[in-house]
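The structure appears below as structure tokens.
In full-length UniProt numbering, the protein residues as written are 1 to 440.
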């Protein structure tokens with residue numbers, strides 16, 4: 001199918017905006033305009049000068065005005081993103097699900113970035129578990145899929161503010177542990193919460209690691225008991241990472257008070273228990289002057305195979321959620337999970353003290369001491385075993401693809417409730433040849 005010209009794309013946008021205008025007028029009882037009215041009549045509803053060429057931004061602004069008083073931010077964002085030649089400045093990507101196939105703009109395929117991994121998950125998952133669109137829904141012409149494919153999800157747990165307020169698929173969601181209250185560590189579920197409309201989808205990192213050779217990925221830790229049995233492990237907890245942090249939550253803090261910096265300082269205070277350090281300065285700290293304090297926080301990188309020489313491996317959030325957490329559970333070391341602000345969809349079946357050891361930064365030293373206590377060896381080995389079997393049942397392409405479809409079903413239910421009958425029928429159909437089946 002050929003890609004539409006810029007003029008044809010603008011006509012598609014015009015048609016959608018005018019449908020929005022018609023729906024708004026009908027809803028507020030101003031007067032009725034037949035959906036089959038002549039196109040020139042519909043185009044005439046907007047005061048313009050003859051032959052005026054409107055930019056996409058002007059069209060979006062007009063759409064925003066027409067949607068005032070209505071809950072149409074989702075519709076505007078989806079249309080804006082689908083209409084651009086690249087993905088939007090907020091790292092959104094628009095896709096369409098129709099007849100259990102995923103469609104996108106041909107010009108946007110290369111800009112899907114990490115979103116391409118979700119498309120791959122869905123293609124496999126929909127072959128295994130196709131979705132049926134119920135009769136009477138507004139999605140007969142195609143289901144609009146809105147993905148936020150960067151690290152952020154737009155929700156800020158510290159203030160309970162959702163930047164967007166409409167459903168979108170994201171790599172992470174706020175954790176119900178976010179209150180930094182140890183009593184909240186009794187579960188590891190991933191909402192969407194009442195204040196955040198993000199819907200979690202399986203991590204691109206898991207799929208990227210698994211897609212080439214699932215057995216190779218799992219076998220990298222399968223023989224760890226022979227190489228580093230529990231009895232031969234170092235009685236310490238290890239962590240290595242870079243200076244990433246969530247700017248929206250911790251950007252006001254000085255370097256030494258950031259969560260990862262506090263973890264490294266715990267190691268400096270108890271080097272007999274914790275071996276933690278930065279192996280790289282990144283972000284706004286990449287040119288940080290390395291004085292005596294910073295210099296002591298820097299250490300050589302430790303590969304995963306070497307980390308398994310330690311009884312425990314510490315996991316902590318970075319820019320957002322910790323993408324390596326599921327992979328760490330495949331090792332034969334106990335994983336100590338620092339209270340996260342965000343979690344990914346795949347880990348919602350994990351239970352603290354069953355699959356991992358929960359900890360806050362405030363009580364990390366005490367938690368590590370407990371893990372290293374020889375009297376607790378059997379308990380720790382049971383936790384390692386539980387995590388191992390979780391890993392080998394969850395970290396498979398078939399399982400991840402199934403979870404991707406489950407995420408999509410939750411998302412469809414959310415947009416159905418959010419948009420409802422406000423969705424303009426015919427929008428996807430009018431895009432016609434401009435949409436092609438995604439082949440990423």
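Glycine included, every Cβ here is placed at the ideal spot set by N, Cα and C. All figures in this text were calculated on a predicted structure; none of them were measured in a lab.
Query, Result
"Buried or exposed (CB count within 10 angstroms, at least 16 for buried), residue 316", "buried"
"The beta strand (DSSP E) enclosing residue 239, as first and last residue numbers", "234 to 242"
"Every unbroken alpha helix (DSSP H) inside the region 291 to 355 [4 residues or more]", "292 to 297, 304 to 307, 325 to 328"
"Spatial distance of residue 97 from residue 349 (CA atoms)", "27 angstroms"
"Residue 314 beta carbon less than 8 angstroms from that of residue 239", "yes"
"Nearest neighbour of residue 405, chosen from 94, 106, 112, 130 [CA to CA]", "130"
"Given residue 355 as reference, the closest of 372, 326, 106, 343 once Cα atoms are compared", "326"
"First through last residue of the beta strand (DSSP E) which encompasses residue 279", "274 to 280"
"Where residue 116 falls: helix, strand or coil (DSSP)", "helix"
"Check whether residue 95 and residue 140 have beta carbons under 8 angstroms apart", "no"
"Reduced DSSP category for residue 200 - H, G, I as helix; E, B as strand; rest coil", "strand"
"Distance between beta carbons of residue 423 and residue 138, contact taken as under 8 angstroms", "4 angstroms"
"Own chain, CB closer than 6 angstroms to residue 302, minus 5 neighbours either side, in chain order", "240"
"Burial state of residue 380, where buried means 16 or more other Cβ atoms lie within 10 Å", "buried"
"Beta-carbon proximity list for residue 437, same chain, < 6 angstroms, skipping 5 on both sides", "101, 103"
"Residues near residue 117 in its chain [Cβ-Cβ closer than 7 angstroms; skip 5 each side]", "204, 207, 208"
"Per-residue DSSP class, three states only, for residue 525", "For residue 525 there is no data in the structure shown, the boundaries of the chain being 1 and 440."
"Meets three-Cβ-pair contact criterion under 8 angstroms: the region 244 to 260 and the region 147 to 166", "yes"
"Reduced DSSP category for residue 170 - H, G, I as helix; E, B as strand; rest coil", "strand"
"Beta carbon of residue 172 nearer than 8 angstroms to that of residue 343", "yes"
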